[in-house]
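Just add 4 to the spot in the sequence shown (first one is 1) and you have this note's numbering.
For reference, the structure discussed in these notes is given below.
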Amino acid sequence: MWIWMALASAVLLGCYDVAKKLALRNNNTYSILLVATALSALFLAPFLTAGCLHDHLCLMLKAVLVTSSWVSGMIALELLPITTVSTFKTSRPMFVVLFSIIIYGERLNWLQWAGVLAVFAALWLLTISSEHEGIRLKGNKGFAALLVSIFTGVASALYDKHIMAGMQPLFVQGWTNVYITIILVFLTFINNRRSGRQPFKWDWTLLIIAVLITGADMLYFFSLKADGSMLSVISLIRRSSVIVTFALGAVLFKEKRIAEKAGVLALMLAGVSTLMLASV
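Right, dumping it as structure tokens:
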């Protein structure tokens, strides 16, 4: 069951990335994240329960990691094509798998490893495709932000496995959103002071973003909490959201080298499918 929850989470996550890109047309990064996260926290308010100080401190740390990943990821979306950003974010599972084996002692069977290798091969080919678009890493602020997003995202995923051992999914999700909202209030205030207050425009895309991330994270936390679940497998399946992001991004944003990237994404889909079949 946890496999299917992870897959459903990936679909919602892919739609969420596209919605964020659309929202950037009307508002800045901080405003989008603040409003969407505040709405998500509001959705989860009925499920908030008291907890011990230690648990809340753990969730504050998680909020810092998630906020860092989200903000840097949004900056990357502003400066780079969405198909490029989603492509490079597929490198996150590589580090999650590596550290899951080292830290948590997870072990994959041979068929799972075949799926992993197929996904990594797809990532490598997608990197080459992005280079053919003329996008270079050196001196690129968008790529610098993307790297920060990737590594803070990896740290957050590994931390999730640790904290979920002693906490319930809705407790983690609800309070983390509250703390992220508080952090984003300060970041938005600082950004407005530094660059001048930018007018906020209500956009119904913000509500869609909040619904999508709430559903995606809820499915993710419940899959992670399930008996027998493996962080390494869940992370790879979640990152298959790039397929949804790519397909919608290609239609909505008319980006380049679609046919070449589509072939590589077919390889990634085959790898994720193998991984799922081997894990059921």
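Beta carbons: idealized from backbone N, C-alpha and C, even for Gly.
Rounded Cβ spacing between residue i and residue j (contact assumed at less than 8 Å)
| i | j | result |
| --- | --- | --- |
| residue 228 | residue 238 | 6 Å |
| residue 160 | residue 73 | 6 Å |
| residue 40 | residue 210 | 5 Å |
| residue 11 | residue 241 | 6 Å |
| residue 100 | residue 233 | No, residue 100 and residue 233 are not in contact; Cβ-Cβ is about 13 Å, not under 8 Å. |
| residue 248 | residue 15 | 6 Å |
| residue 31 | residue 205 | 6 Å |
| residue 269 | residue 125 | So it is not a contact: roughly 12 Å between Cβ atoms. |
| residue 185 | residue 38 | 7 Å |
| residue 34 | residue 252 | So it is not a contact: roughly 24 Å between Cβ atoms. |
| residue 157 | residue 96 | 5 Å |
| residue 278 | residue 122 | 6 Å |
| residue 20 | residue 273 | Not really, about 19 Å apart at Cβ, beyond 8 Å. |
| residue 150 | residue 89 | 6 Å |
Terminal residues of the alpha helix (DSSP H) in which residue i lies
| i | result |
| --- | --- |
| residue 51 | Run containing residue 51: none; DSSP gives neither H nor E here. |
| residue 173 | 173–199 |
| residue 72 | 57–83 |
| residue 16 | 6–27 |
| residue 153 | 145–167 |
| residue 206 | First-last for residue 206: undefined, no H or E at that position. |
| residue 235 | 235–243 |
Burial state of residue i (16 or more Cβ within 10 Å)
| i | result |
| --- | --- |
| residue 53 | exposed |
| residue 231 | exposed |
| residue 173 | buried |
| residue 170 | exposed |
| residue 36 | buried |
| residue 56 | exposed |
| residue 5 | exposed |
| residue 115 | exposed |
| residue 244 | buried |
| residue 109 | exposed |
| residue 194 | exposed |
| residue 190 | exposed |
| residue 153 | buried |
| residue 107 | exposed |
| residue 119 | buried |
| residue 220 | buried |
| residue 267 | exposed |
| residue 49 | exposed |
The ligand COA heavy atom lying under 7 Å from the CB of residue i
| i | result |
| --- | --- |
| residue 151 | Looking at this structure, you won't find the ligand COA or any other ligand, since it has none at all. |
Do three or more CB pairs link the region 176–189 to the region 47–66 at distances below 8 Å?
-> Between the region 176–189 and the region 47–66, the count of C-beta pairs closer than 8 Å reaches three or more; the two stretches touch.
Taking one C-beta from the region 22–31 and one from the region 78–87 each time, how about it: are there three or more such pairs within less than 8 Å?
-> When C-beta atoms of the region 22–31 are compared with those of the region 78–87, three or more pairs fall below 8 Å, so the two segments count as touching.
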